[in-house]
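Letter by letter, the sequence shown follows residues 124 to 262 in my numbering. Positions of the beta carbon are idealized from the N, C-alpha and C atoms, including for glycine.
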Amino acid sequence: MPKEAKTTRKSAKSAGKADGGKKKKDPNMPKRGLSAYMFFANEQREKVREDNPGIKFGDVGKMLGEKWKGLSDKQKGPYEAKAAADKKRYEEEKAAYTAGDLWGSSWHVINERTTSHDTHVQSHEGSLGNGDPLACHVR
124 MPKEAKTTRK
134 SAKSAGKADG
144 GKKKKDPNMP
154 KRGLSAYMFF
164 ANEQREKVRE
174 DNPGIKFGDV
184 GKMLGEKWKG
194 LSDKQKGPYE
204 AKAAADKKRY
214 EEEKAAYTAG
224 DLWGSSWHVI
234 NERTTSHDTH
244 VQSHEGSLGN
254 GDPLACHVR
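Have a look at this one:
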């Protein structure tokens, strides 16, 4: 008796790879703000490594987590203040980033070079004649 051929579906991962893979991030996008724990961990990481030579990478994180849990609210205060200031910085940079780019983070490839949408529109101004920034995208 012949075996039936199995039908397989491509996984979402492999289907995305065929379409060009992961979407690339804009390198000019502001970095997210760090949490209070991350400020604490960055400050304490070297001390934990010095106190425990030969410690494994994962164990460093576990020890930092235990130390963080053991801190009182008063001891966490300076780290939370740093986190609040970093969050404010991120929100300001993000607002400036999104306000400065009319089309968000969309980019167009024209003549095999990447340009911003403003440059794209400027390249059409002579040919379109109406100065409408969306005219080149209306079908």
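- In the structure shown, G193 falls within a helical segment according to DSSP collapsed to helix, strand and coil.
- Under the 10 Å beta carbon count, A159 is surrounded by 16 or more other beta carbons and is classified as buried.
- Of the candidates E203, K145, A164, A164 places its Cα closest to the Cα of M186.
- With fewer than 16 other beta carbons inside 10 angstroms of its own, K192 counts as exposed.
- Shortest Cα-Cα distance from L157 to any of A204, A218, A219 involves A204.
- Under the three-state reduction of DSSP output, G181 falls in the helix class.
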